[in-house]
Amino acid sequence: MVATFLYEGKAKKVFETDDPNEVIIIFKDDATAFNAQKKDSFSEKGRVNLAFSKYFFDLLHENGVKTHVVSFIDETSMRAKKVDIIPLEVVVRNLAAGSLCRRLGFEKGMALNPPLCEFYLKDDALDDPILCREHIRYMNTATEEELSYIEQQALKVNEIIYNFMDSNNITLVDFKLEFGRTSEGEIILADEISPDTCRFWVKGTMESLDKDVYREDKGDLVGSYKKLAEILGLEL
Ligand code: UDP
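Under the numbering used here, the sequence shown has 145 at position 149, and the numbering climbs by one with no breaks.
Printed below as a string of structure tokens:
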């Protein structure tokens, strides 16, 4: 199989394959926070995040959500449908945390019922600003109809993962998704779902088992991801 380098992001590398409709994504050990102002590398992080992504994508497939996954190749790489990523970070929140508290002064842990869905522009140079639908209307990224579909899919993903994690004594606080368009124009869920892109708290506490451990220097990052895996019975 021929694999030509295509793109490198903060946590992943993407390679072309001999099939023009598929790519190989390699999960790196790098961690960044605050728009890459903080950067480090953690042994095993790529492998652990890919294992979580597989775990959550499998759960979503069982529940009828369409994603970019084709197959999982080895411990750090997966084969995915080639998509044009829609430059929106779609965030769903069940409890207030992170930027929502910083920006609006909401108390950390405040319940958001019904869950809040937000859009941010995926643009590091602009520091990923929050968008309202009116802004997106002027961008050539998604139609109103596509945006409604994306929001509905994001809320469905939230319901599936929230309920699953809740039954395992973990609260899904919030998470970020990215969607892409296939060559046939279909919008599907892309990127990853892992403790890098979600906030998970031990139920009834604010104990983080996610990237906040790194953002806030709260201890051993990969150790906390492994603790989450153990709670879920996920073998790493
Ligand atoms: N998130 C992400 N990538 C980003 C920004 C946010 O995966 O570039 C995730 C983050 O892990 C959290 C959720 O989206 O689960 C909401 O993040 P928030 O807006 O609170 O930003 P932060 O506090 O991380 O700056």
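Glycine included, C-beta positions come from ideal geometry on N, C-alpha and C.
Any non-hydrogen atom of the ligand UDP within 8 Å of residue i CB
i    : result
F48  : no
K172 : yes
G94  : yes
D192 : yes
E147 : no
A186 : no
V153 : no
F30  : yes
D213 : no
C-alpha distance - residue i paired with residue j, whole-angstrom precision
i    : j    : result
V19  : L55  : 22 Å
T178 : K78  : 6 Å
N59  : M161 : 15 Å
F1   : M74  : 14 Å
F30  : H64  : 27 Å
D192 : L143 : 24 Å
G200 : L151 : 22 Å
D36  : D216 : 13 Å
D233 : V44  : Outside the shown range of the chain, which is -3 to 232, sits residue 233, and nothing can be said about it.
Y51  : L230 : 8 Å
E174 : Y210 : 22 Å
A107 : R89  : 9 Å
I22  : I69  : 10 Å
A92  : R195 : 11 Å
N17  : K104 : 42 Å
A76  : H131 : 30 Å
V61  : V153 : 8 Å
Residue range of the unbroken beta strand (DSSP E) whose run includes residue i
i    : result
M74  : 73 to 77
V183 : As written in the sequence, residue 183 is Ile, which differs from the Val given in the question. Run containing I183: 183 to 186, per the beta strand (DSSP E) assignment.
S37  : 34 to 37
A225 : Element bounds for A225: not the beta strand (DSSP E) but the alpha helix (DSSP H), 217 to 228.
A27  : 26 to 29
According to DSSP, residues forming a beta bridge with residue i
i    : result
T0   : E12
C97  : Beta-bridge pairing links C97 to no other residue.
V66  : Paired residue(s): none; V66 is not in a bridge.
Y116 : E85, I126
R43  : None, per the DSSP bridge assignment.
K172 : V87
D80  : R177
T193 : Per DSSP, none; premise fails for T193.
E203 : Partner(s): none; E203 has no beta bridge.
I22  : K9, S73
A107 : L91
Bounding residues of the alpha helix (DSSP H) (the contiguous stretch that carries residue i)
i    : result
E141 : 140 to 162
D208 : 208 to 211
Residue i Cβ short of 8 Å to the ligand COA heavy atom set
i    : result
C128 : The model on display carries the ligand UDP but not the ligand COA.
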